[in-house]
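Structure first, then comments.
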Amino acid sequence: MLEKVKELYAGKAKSIFTTSDPTKMVMVFRDDTSAFDGEKMEQLARKGMVNNKFNAFVMEKLEQAGVPTHFVSLQGECESLVKNLQMLPVECVVRNHAAGSLVKRLGIEEGKELSPPTFELFLKNDALHDPMINRSHCVSFGWATLEQLDEMERLTYQVNDVLSELFSNAGMLLVDYKLEFGVFQGSIILGDEFSPDGCRIWDKETRNKMDKDRFRQGLGSVIETYEEVGRRLGISFD
Ligand code: TMP
Ligand code: ASP
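Taken in order, the sequence shown gives residues 1105 to 1342; the numbers are from this note's numbering.
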């Protein structure tokens, strides 16, 4: 176990602390819940703990499947030890069904199956509301190289293969999700988190929303539903 030394960065829902080992950081999952790039903010009891354990479970599944991740170990209820990545300011989104901004932007019917799944890039910038960008923007503005983008796209689709099956076997549809990557000792590694905050999950039968859309759309039972997703996957929150 590595103790937290100094808070380096506080995002909308997580904080990052340095440790005595410069290659490792502690990621703290807070109860703060944000939507619409910080416009809607609330504290939801137990969220930090639930997302920390959810993320650890998913990251371990991904590592087992050969996706390199920054996750090292759980350190406590709301804390995980992670590798110290140089994060790239680019969000990678894969969609298996139409929802969210795709529906608004292109007028596609919500729920339409996308075959093959789409892959999109967004700039991580709340002030600009995370605008959609392309590979050319990434290279011209130095956000990522073509080689890094190729690797991020390959890994994002590999994550889709692993997690679509995992959710499907537990009676859920992985509708879409966002991943963030960073560089560690020269290689592209999956960073940030995978939790119901950064993806869309629907019940396979009823198509009930089981992710942060419950918070965005004021549907209620946000954390209870995150726990239900976790329970179906076999995660214990006790
Ligand atoms: P979108 O439909 O709003 O573009 O989002 C697609 C998916 O990516 C959805 O599961 C939410 C997730 N996402 C985030 O978690 N954070 C973000 O900043 C963005 C742009 C998307
Ligand atoms: N993750 C972003 C935010 O927290 C966007 C969203 O989830 O709506 O504001």
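Quick reminder that beta carbons are idealized off the backbone N, C-alpha and C, glycines included.
Let me know the secondary structure DSSP gives residue i once reduced to three states.
i	result
Ile-1339	coil
Lys-1118	strand
Gln-1190	strand
Asn-1200	strand
Asp-1230	helix
Lys-1165	helix
Ala-1160	helix
Within a Cβ cutoff of 8 angstroms, which residues of the same chain sit near residue i, ignoring the five residues on either side of it in sequence?
i	result
Pro-1350	Past the boundaries of the shown model lies residue 1350; the chain is included only from 1105 to 1342, so the question cannot be answered.
Leu-1218	Arg-1199, Asn-1200, His-1201 and Ala-1202
Cys-1182	Val-1132, Phe-1133, Arg-1134, Gly-1152, Met-1153 and Asn-1156
Excluding sequence positions up to five away, which residues of its chain have a Cβ less than 6 angstroms from the Cβ of residue i?
i	result
Arg-1239	Leu-1253
Lys-1072	Only positions 1105 to 1342 of the chain appear in the structure, and residue 1072 is not among them; the question remains open.
Ser-1119	Glu-1111 and Val-1132
Cys-1196	Met-1256, Thr-1260 and Leu-1283
Ala-1274	Arg-1336 and Leu-1337
Glu-1146	Thr-1137
Is residue i near the ligand ASP, with its Cβ less than 8 angstroms from a heavy atom?
i	result
Arg-1320	yes
Phe-1121	no
Lys-1316	yes
Ala-1231	no
On the DSSP letters alone, give me the boundaries of the beta strand (DSSP E) that residue i sits inside.
i	result
Leu-1283	1276–1288
Thr-1260	No beta strand (DSSP E) contains Thr-1260, which is instead part of the alpha helix (DSSP H) from 1250–1273.
Arg-1304	1303–1307
Val-1130	1128–1133
Val-1176	1175–1180
Ser-1138	1136–1139
In its own chain, which residues sit with a C-beta less than 7 angstroms from the C-beta of residue i, not counting the 5 before and 5 after it?
i	result
Phe-1161	Leu-1337 and Ile-1339
Val-1109	Phe-1121, Thr-1122, Thr-1123 and Ser-1124
Please find out if some non-hydrogen atom of the ligand TMP comes closer than 8 angstroms to the beta-carbon of residue i.
i	result
Arg-1199	yes
Tyr-1281	yes
Cys-1303	yes
Ser-1205	yes
In the DSSP assignment, the alpha helix (DSSP H) including residue i goes from what residue to what residue?
i	result
Asp-1317	1317–1320
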